[in-house]
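Here's the structure, in structure tokens; my notes come after.
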Amino acid sequence: MKLIDMMHIAIFTALMAVLGFIPPLFLSFTPVPITMQTLGVMLAGSILRPKAAFLSQLVFLLLVAFGAPLLPGGRGGFGVFFGPSAGFLMAYPFASWLISLTVHRLRKVTVFRLFFIHIVFGIAFIYLLGIPVQAFIMHMDLLQAGFISLSFVPGDLLKAAASALLAIKITQALSLSDTMYTKGG
1 MKLIDMMHIA IFTALMAVLG FIPPLFLSFT PVPITMQTLG VMLAGSILRP
51 KAAFLSQLVF LLLVAFGAPL LPGGRGGFGV FFGPSAGFLM AYPFASWLIS
101 LTVHRLRKVT VFRLFFIHIV FGIAFIYLLG IPVQAFIMHM DLLQAGFISL
151 SFVPGDLLKA AASALLAIKI TQALSLSDTM YTKGG
């Protein structure tokens, strides 16, 4: 692995940590908080190559597992992987990898395409892994867990849009792509 790839992994691992310092929003009917870290997952997938995107999230989760209080509310430690958020957290590396894999197969990446990719391979994929684990851990019906998770959709759509715009601007500013990212829709 090249030094530049390791630097990118470290930067996006650090971004996830910084996003973890933004206080979580807990809703009265679910122990799974609304956080800004899914924004970091989508950004990593949009900007980094697939392997680096995956590793940035994996390193972040390893830091959390070893006790670093990097999740919103200062949570950390191996125990978080046995709580209601476990499936959502474990989906982070794979969602980031899927986003990156999809983005890097496109000839042109626009804000609208990236937004759609974030919805399908970011939000929907994270829900696909997170909701069943949440239902299992909380001893609730899968449909009930899915219904509870609907409350996260508006915020996640905003994060998907914000990360699409940010990814386009960042890659254009840093010239990280070979004209793959375009300004238009």
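For the sequence shown, the UniProt record's numbering assigns the number 1 to the initial residue and increments by one for each residue that follows. Here a beta-carbon is modelled for each residue, glycine too, at the ideal position from N, C-alpha and C.
Residue i in three-state terms, based on DSSP
| i | result |
| --- | --- |
| SER175 | coil |
| THR38 | helix |
| PHE26 | strand |
| ARG75 | strand |
| PRO50 | helix |
| PRO69 | coil |
Limits of the unbroken alpha helix (DSSP H) element including residue i
| i | result |
| --- | --- |
| LEU15 | 3 to 20 |
| GLY146 | 142 to 149 |
| PRO132 | 125 to 138 |
| ILE99 | 86 to 103 |
| VAL111 | 111 to 117 |
Nonlocal neighbours in the same chain, by C-beta distance under 7 angstroms from residue i, ignoring five residues either side
| i | result |
| --- | --- |
| SER163 | LEU39, MET42, LEU43, SER46, HIS118 |
| GLY130 | GLY87, PHE88, ALA91 |
| LYS169 | none |
| LEU166 | LEU43 |
| LEU101 | PRO50 |
Rounded distance between the beta-carbons of residue j and residue i, thought under 8 angstroms
| i | j | result |
| --- | --- | --- |
| ALA161 | PHE115 | 6 angstroms |
| SER149 | TYR127 | 6 angstroms |
| VAL109 | VAL103 | 6 angstroms |
| GLY155 | ILE34 | 5 angstroms |
Close Cβ partners of residue i (< 8 angstroms) along its chain, the five nearest in sequence each way excluded
| i | result |
| --- | --- |
| PHE82 | ILE137 |
| ALA17 | PHE60, LEU63, ALA68, LEU70 |
| PHE125 | ALA91, PHE94, ALA95, LEU98 |
| LEU142 | ILE131, PRO132, ALA135 |
Own chain partners of residue i with C-beta closer than 6 angstroms, once the 5 adjacent residues on each side are dropped
| i | result |
| --- | --- |
| GLY77 | GLY67 |
| ALA145 | ILE131, GLN134, ALA135 |
| MET36 | LEU19, ILE22 |
| GLY73 | PRO24 |
| ALA15 | As written in the sequence, residue 15 is Leu, which differs from the Ala given in the question. Same-chain partners within the cutoff: GLY40. |
| THR30 | ILE148 |
| SER85 | VAL32 |
| THR13 | SER56, VAL59, PHE60 |
| ASP5 | ALA52 |
Using 8 angstroms as the Cβ pair cut-off and three pairs as the minimum, do the stretch 94 to 110 and the stretch 45 to 57 touch?
-> yes
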